[in-house]
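Enquirer:
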Amino acid sequence: MMITVGEVRCSPDLSVATAFILPLGGDKKEEALLALRKSRHEIRREVAKVLSIKFAPEIRFEIDDTFDRMDATRALFERADVKADLAAPGAPEGESTEADKDNDA
Numbered sequence: 001m002m003i004t005v006g007e008v009r010c011s012p013d014l015s016v017a018t019a020f021i022l023p024l025g026g027d028k029k030e031e032a033l034l035a036l037r038k039s040r041h042e043i044r045r046e047v048a049k050v051l052s053i054k055f056a057p058e059i060r061f062e063i064d065d066t067f068d069r070m071d072a073t074r075a076l077f078e079r080a081d082v083k084a085d086l087a088a089p090g091a092p093e094g095e096s097t098e099a100d101k102d103n104d105a
């Protein structure tokens, strides 16, 4: 099984590194996550060999939901009411329309 590591976030003290992963093809997410979690100690040892720090970070794995969030955002911009707001005449980019002001009240 092949996976993609989309991002790794480290805690400020570098004691924990969270890798956000997604299996290629997008299926078998839980299976990939379980396999990586079972192998985390071995992966940590390998990371320790290449890092020049005193202690290797604890490695955690999470599913990368970036693409799901991008799809949700894209779907939001396709909604008719959002398109109407974006196309409102006289509303410079980044400024509220009158409809927005009415909704805020």
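The numbering of the sequence shown is UniProt numbering, which starts it at 1 and goes up by one.
Note that beta-carbon positions come from the ideal geometry of N, C-alpha and C, so glycine has one too.
Looking only at its chain, what residues have a beta carbon closer than 6 angstroms to the beta carbon of Val16, apart from the 5 residues adjacent to it on each side?
Expert: Taking the first residue of the sequence shown as 1, we reach residue 16 at position 16. Cβ within range, chain order: Pro57 and Glu58.
Enquirer: For the alpha helix (DSSP H) containing Ile53, list its first residue and its last residue.
Expert: The sequence position of residue 53 within the sequence shown is 53, counting from 1. Run containing Ile53: none; DSSP gives neither H nor E here.
Enquirer: Return the chain-ordered list of same chain residues with a C-beta closer than 6 angstroms to the C-beta of Asp47, the five sequence neighbours on each side being excluded.
Expert: As a first step, residue 47 must be located in the sequence shown, where it is residue number 47. Going by the sequence as given, residue 47 is Val instead of Asp. Excluding sequence neighbours, Val47 sits near Ala56.
Enquirer: Rounding to the nearest angstrom, what Cα-Cα distance links Pro23 and Cys10 in this structure?
Expert: For the purposes of this step, residue 23 is identified with residue 23 of the sequence shown, where counting begins at 1. For the purposes of this step, residue 10 is identified with residue 10 of the sequence shown, where counting begins at 1. So the two alpha carbons sit approximately 21 angstroms from each other.
Enquirer: Taking DSSP as the reference, what is the three-state secondary structure of Arg9?
Expert: Counting from one through the sequence shown, the residue named residue 9 turns up at place 9. In the three-state reduction of the DSSP assignment, Arg9 falls in the strand class, which pools E and B.
Enquirer: Does DSSP put Arg37 in a helix, a strand or coil?
Expert: For this step, residue 37 is matched to residue 37 along the sequence shown. Arg37: helix per DSSP, three-state reduction.
Enquirer: Look at the Cβ atom of Met1, then the Cβ atom of Glu42, and state whether they are nearer than 9 angstroms.
Expert: Counting from 1 along the sequence shown, the entry for residue 1 is found at position 1. Counting from 1 along the sequence shown, the entry for residue 42 is found at position 42. Result no, Cβ atoms of Met1 and Glu42 do not sit closer than 9 angstroms.
Enquirer: Take the Cβ of Asp27 as the centre, count every other Cβ of all protein chains shown within 10 Å, and call the residue buried at 16 or more, exposed below.
Expert: Translated into positions along the sequence shown, residue 27 becomes position 27. The residue is exposed, with fewer than 16 neighbouring Cβ atoms inside 10 Å.
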